[in-house]
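Inspection log for the structure reproduced underneath, given as structure tokens.
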Amino acid sequence: MSAAEHAAARSGLMAAWARHATDEYAARLRAWMIGGLVDRFYAKAKTATPTSRQALTKAYWRPMAGLFGGDWLAFLEYLGEQPNPSEEIVGSLPEPKLYATGADRARQAAADAGIDEAEIERMLASFFGSHDASSPVDRRIAVLKRAWAALDGLHASLTPARGTLWGVLDERNEIHDERFDECRTALHREVLPADLNDDIAALWGTQATSKDPGRLVTRWLPHNGVYDAFGVALQFWHEIALTAFAHTETHGFWEWGLSEAQERQQSRLDELAAARCPVDASFLRELATAARDLPPIAHEQHRSRAERDGFAIELTFSGRDRLPRPGFEQLRDVITRHRRAWAEQHLDRWLEHRWQTDLRATAEAYNRRLIANGKAPTLRQAITLGQPALDRWFGGDIGQLLTAIGQKGPAGAPVYERRLPGDPYSFGRAVEIALGGRQPEDDLSDWDSADRERLDAHRKVRDHNSARYYAAFTAYEYVKAWEALGRRPEMKQVKGGKSGADFLDRAEPEAAWARLEAAVLNVVDDPSLQRAGAETATRHDHATQRRTQQERPAPGISPRERELPSRPDADPRSAADPQQAEPTADAPVPKRRGLLRRMLDR
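In terms of this note's numbering, the sequence shown opens at residue 660 and continues consecutively.
Set out below in structure tokens:
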């Protein structure tokens, strides 16, 4: 099926489902799910009331959670049954106690008690499980505030000439993905302070792995860790600023409409309001008003002229691409004023809300598992239960997280052996080079449909390049598995390992895997290959080059229109009105394409 057919089939399926999404069908579904729970309960109730662990397997916990909120007592009350006397049911979870901050209070209490300062520093370092006496959460909060200040300064002083800030924190969280050529990869290296980048890499450069709870793996994009840890506050203000840039400059972000910002950002605004950190309700209205006061949107103009046997056809039409317009500074200043007012009032409270919410959710999940199983979760289970908080606030160190929620963790620090080269962005391109590199692709803009050989050759080149591009994604997973296992992994131990080999050679995946593994090892060990990957141009590089080579067009005139060849000996009036120029016999006829060529070349 073609892409259009796939889309049509999906739309048809969704429409068919929507016809049955009625209250009657919802009631029937609810009755059917309850019936399954009831059947399961009485199938196990042969001699006495079954316990929840006897009656509820994984398949039945989902309807139990959806219909009764996971409350076993509520389900028994619904049936009119009494709980099993041997079952201990906890009506409420213990209140989580968090030990993630408070180092300054501990120092003051020790000083009041006359304890030596060096001794209390050693005690705090031992308690937090780190190399110094500061809390892992406190260290990250301090860096988050510095990152906010740096981004605030960048947005406040941004000009169209400096370009978009999309990509400064790897917001897309995609490594080696070139689908969005306007997202500026590794932008933080150019615009953020070096010491801030170093601290971000140190605090968010590792994450936990369930393959081995005693090991850490490299987080490919540490700056995305800052973006994730900050949550919707940073995401809202950063994205609004990116949208304003694209609103006037026509590039730099995928979204550019400001009148729809209220609806598009409503979920983030609701979350901020629920945390008692609301955005001023007048902000988006003021921003929309400022956007309406800008000059009207203009679109590029295209002209095409064809002549034959004394006849001429000239077409003029507007393209969908918008042209840049002035006014970004007005939008920028409105956003800056409201962003700084919000930060002055709410930034500290929001960051406290973020880490406390994460740790309390982890503590509650841990206690639920402990009560359900009658014993403490294993380290692998604890990692799964607390993965978001674990990576946001503790760099993947499960011992530090368990200490912070008042639970016993492993005594030693996890092992971390980095295998990924220093520049994660160019690693994938270096692997492509080790696999044979990309071949130059032919420009088919002037392709004739009768030239099948040229099309076949183009497809072969595209297949060659695509195979290496997609295989490079598996290379990142190979290195992650290598770090997690402490040894080189097999194909089945690598996420997407089989598909990565299939991209190279579906007929012989084992041989293709050996090629891919050899390419990864060569790049890891060879600095020259790493440099070659770093020097390979990306789609963003090509897009930037195209924009810088072209002058900003005048309103209503597109670069394509300016590049149309002029006709020699044209009537002087053509300078003011090209439509009044008389064609000459020896005038060069522009190459015609598509429908126009087929109409005139008959």
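We put the CB at the ideal spot given by N, CA and C, even for glycine. Treat the numbers as computed from the prediction; the structure is a model and nothing was measured.
Chain-order list of residues whose beta-carbon lies under 6 Å from that of residue i (same chain, five-residue window excluded)
i: TRP896; result: ARG998
i: ALA845; result: TYR1084
i: GLN713; result: LYS703
i: LEU974; result: SER963
i: HIS1005; result: CYS936
Closest residue to residue i among the options (Cα-Cα distance)
i: GLU908; options: GLU919, LEU824, LEU1010, GLU740; result: LEU824
i: PHE889; options: LEU931, ARG1077, ARG848; result: LEU931
i: ASP992; options: GLU945, ALA801, ALA1126, PRO852; result: GLU945
i: ASP840; options: SER869, HIS910, ALA1193; result: HIS910
i: GLN1046; options: ALA1000, MET673, LEU875; result: LEU875
i: ASN1124; options: PRO1099, ARG805, GLU898; result: PRO1099
i: ASN1181; options: ARG1013, ARG1078, GLN960; result: ARG1078
Any non-hydrogen atom of the ligand FMN closer than 7 Å to residue i Cβ
i: ARG967; result: Only the bare structure without any ligand can be found here, which leaves the ligand FMN out of the picture.
DSSP-derived helix/strand/coil call for residue i
i: HIS961; result: strand
i: TYR1075; result: strand
i: THR909; result: coil
i: ARG843; result: coil
i: ARG1146; result: coil
i: ILE972; result: strand
i: ALA707; result: coil
i: GLN866; result: strand
i: VAL827; result: coil
i: THR1133; result: helix
i: GLU966; result: strand
Contact under 8 Å by Cβ, residue i with residue j
i: ASN883; j: ASP829; result: yes
i: ARG1189; j: PRO1080; result: Sequence inspection shows Gln at residue 1189; the Arg mentioned does not correspond to that position. Result yes, Cβ atoms of GLN1189 and PRO1080 sit closer than 8 Å.
i: ALA934; j: TRP1052; result: no
i: LEU917; j: ALA940; result: no
i: ALA1041; j: LEU1061; result: yes
i: GLN866; j: ARG848; result: no
i: HIS835; j: PHE1162; result: no
i: LEU1018; j: ILE1064; result: yes
i: ALA920; j: LEU943; result: yes
i: LEU726; j: ARG689; result: yes
i: ASP887; j: VAL802; result: no
i: ARG805; j: LEU855; result: yes
i: GLN741; j: THR716; result: no
i: PRO819; j: PHE970; result: no
Environment of residue i [buried if 16+ CB atoms lie within 10 Å]
i: SER794; result: buried
i: PRO872; result: buried
i: TRP720; result: exposed
i: GLN925; result: exposed
i: LYS1139; result: buried
i: ARG1088; result: buried
i: TYR1128; result: buried
i: PRO1036; result: buried
i: ILE1092; result: buried
i: THR681; result: exposed
i: LEU990; result: buried
i: MET673; result: exposed
i: TRP676; result: exposed
Cβ shell of residue i (< 8 Å), same chain only, five flanking positions each side left out
i: ARG722; result: Reading off the sequence shown, one finds Pro at residue 722, where the question assumed Arg. MET692, ILE693, GLY695, LEU696.
i: PRO755; result: LEU1018, ARG1019, ALA1022, GLU1023, ASN1026, ILE1064, GLY1065
i: LEU880; result: ASP829, ASN832, ILE834, PRO1083
Cβ shell of residue i (< 7 Å), same chain only, five flanking positions each side left out
i: LEU1049; result: ALA867, ILE1042, GLY1055, ILE1057, LEU1060
i: PRO1237; result: Any reading at PRO1237 needs caution, since the residue's pLDDT is 37, under 50, leaving its predicted position unreliable; the model's value is listed next. There are no such residues.
i: LYS1157; result: MET1150, PRO1168
i: VAL1153; result: THR1133, GLU1136, TYR1137, ALA1140
i: ARG927; result: VAL891, GLN894, PHE895
i: HIS906; result: TRP915, LEU917, ALA950, LEU990
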